[in-house]
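Asks:
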Amino acid sequence: CTPTRAPSTAPLRLVKSTRPAPATARPIPGGRGTIGTARPEIPLDGEGPERLTRLKPFLLSETAITNAEFAEFALDTGHVTDAERLGTSFVFWGTLPDSTPETHAIYDAEWWRQVEGANWRAINGPGTESTAWHPDHPVVHVSWNDAAAYAAWAGGRLPTEAEWEHAARGGLAKARYPWGDAEPDDTTFQPCNIWQGTFPIRNTCADGYAATAPARSFAPNGYGLYNMCGNTWEWIADRFTVASMKKEVQARARALKDFRLLKGGSYLCHRSYCYRYRIAARSSNTPDTSTSHQGFRVAWDV
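Written as structure tokens, this is what we have:
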């Protein structure tokens, strides 16, 4: 469900600042946390087995990092994102304006287009800076490299998968979603920003959004965190590895060596196509790939 760019060899150098965590960062209690699930829906992703780990308390940004927050970072540091440096990024076809020049479709996923000039400022390509960019929406078209650089500048780091899942459950042990186990649907229950309708042709927008929603939208979970599932995928500190002992799962993980982990799903997820908006669900990508549905949030040690 996520297009991939061939990895580049550009080195990543992180300089962590002493900047304090913002007042809006939410405290996440330590203790025993659950990782994975005993009911994997997509076994090849390495969703299982369910296991327990012990976590220290930490802080986590209450929302995905927004365009306004990323703009402050870019202005302060002069950071050039991978999408800007490489000149292209991946955009979902349904958000492209009619005036978009010819684009390259992704094999077996033609709804993804490689668009020249698409980046975090011009989300749907050149000329969309004022129409698609909203300061309170999650920043997108950021790679793992970009996310890690921002986190270091903010005095923090990207969360681990264990921390992310523990935080996403909001105190609900083994919950499938941040709000519990109730399944979102296309008609009556939309607790998060995912696809409604027939993917990728028809989106009814029953949840109110055709693309990203404001970072602080829908009800927060028990720890006060917004949009831990849906809206945008979130980059995780970990490389993509699996705990499963099944040979086919291990083989897939080896094929994705050095890929980085993503959690949470996005506004393009639907149960019929990408059933990955569950807490235990996982995705991965190369560290310099960027898309119009990938963002991140920041963790701080206590």
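Numbering follows the working numbering, with no gaps: position 187 of the sequence shown is 225.
Just so you know, even glycine gets a beta-carbon here, dropped at the ideal spot from N, CA and C.
Going by Cα to Cα distance, which pick from Cys307, Arg254, Ala200, Ile232 is closest to Lys94?
Replies: Nearest C-alpha to Lys94: Ala200.
Asks: Are there three or more Cβ pairs, one per stretch, closer than 8 Å when the stretch 231-242 is compared with the stretch 172-183?
Replies: Short answer: they don't touch.
Asks: Our contact map puts Thr42 next to Thr327 with C-beta atoms below 8 Å; I'd like the distance itself, whole angstroms only.
Replies: Sure, about 5 Å apart at Cβ, within 8 Å.
Asks: Going by beta carbon distance, what residues of the same chain come within less than 7 Å of Ala337, once the five residues before and after it are set aside?
Replies: Result list for Ala337: Phe96, Leu97, Leu98, Gly194, Arg195, Leu196, Pro197, Glu201, in chain order.
Asks: What first and last residue would you give for the alpha helix (DSSP H) that runs through Glu154?
Replies: Where Glu154 is concerned, there is no enclosing alpha helix (DSSP H), although the beta strand (DSSP E) it sits in stretches over 147-154.
Asks: Between the C-alpha atoms of Thr133 and Lys212, what's the straight-line distance to the nearest angstrom?
Replies: Roughly 35 Å separates the two Cα atoms.
Asks: Around the Cβ of Tyr145, are there at least 16 other Cβ atoms within 10 angstroms (buried) or fewer (exposed)?
Replies: It is exposed - the Cβ of Tyr145 has fewer than 16 other Cβ atoms within 10 Å.
Asks: Give the single residue among Arg57, Asp276, Phe256 whose Cα lies nearest to the Cα of Asp296.
Replies: Nearest of Arg57, Asp276, Phe256 to Asp296, Cα basis: Asp276.
Asks: Beta-carbon separation of Trp149 and Trp171 under 7 Å?
Replies: Going by C-beta atoms, Trp149 is not nearer than 7 Å to Trp171.
Asks: Tell me the rounded alpha-carbon separation between Ser282 and Gly86.
Replies: C-alpha separation (whole angstroms): 6 Å.
Asks: Apply the 10 Å Cβ neighbour rule to Arg292 and answer buried if 16 or more other Cβ atoms are within range, or exposed otherwise.
Replies: So Arg292 counts as exposed.
Asks: Do you know offhand how far Thr141's Cα is from Asn162's?
Replies: Cα to Cα, Thr141 sits roughly 12 Å from Asn162.
Asks: Just to confirm the assignment: which complete beta strand (DSSP E) runs, minimum length 3, are found wholly within the stretch 234-311?
Replies: Runs found: 271-277, 298-301.
Asks: So Trp338 is in the beta strand (DSSP E); what residue range does that whole segment cover?
Replies: Trp338 -> beta strand (DSSP E) spans 337-339.
Asks: Can you give me the C-alpha to C-alpha distance between Thr119 and Phe111, rounded to a whole angstrom?
Replies: Cα-Cα distance, rounded: 11 Å.
Asks: Report yes if the CB atom of Thr40 is closer than 7 Å to the CB atom of Asn323, and no otherwise.
Replies: Yes, they are a contact pair.
Asks: Could you check the C-alpha separation between Tyr264 and Ala76 for me, to the nearest Å?
Replies: Straight-line Cα distance between these residues: approximately 25 Å.
Asks: Taking all protein chains shown into account, do 16 or more other C-beta atoms lie within 10 angstroms of the C-beta of Ser168, making it buried, or fewer, making it exposed?
Replies: With fewer than 16 other Cβ atoms within 10 Å, it is exposed.
Asks: Out of Gly262, Ala147, Gln152, which one is the CA nearest neighbour of Ser330?
Replies: The residue with the shortest Cα to Cα distance from Ser330 is Gln152.
Asks: Can you grab the Cα-Cα spacing for the pair Val372 / Gly262, in whole Å?
Replies: Because the chain is modelled from 39 through 340, residue 372 falls outside the range shown and cannot be assessed.
Asks: Give the straight-line distance between the Cα atoms of Glu221 and Tyr215, rounded to the nearest whole angstrom.
Replies: If I take the Cα positions, the gap works out to 8 Å.
Asks: Under a CB-based cut-off of 7 Å, is Ala249 close to chain B?
Replies: Here there is only one protein chain, and chain B is not present.
Asks: Taking a contact to mean a Cβ-Cβ separation below 7 Å, would you say Arg89 touches Gly74 in this structure?
Replies: The answer is yes: Cβ separation under 7 Å.
Asks: With distances taken from CA atoms, which of Ala319, Met266, Ser310, Thr250 is nearest Val280?
Replies: Among Ala319, Met266, Ser310, Thr250, the Cα nearest to that of Val280 belongs to Ala319.
Asks: Report the start-end ranges of each alpha helix (DSSP H) in the stretch 170-206 that is 4 residues or longer and not cut off at the edges.
Replies: Whole alpha helix (DSSP H) segments, 4+ residues: 182-191.
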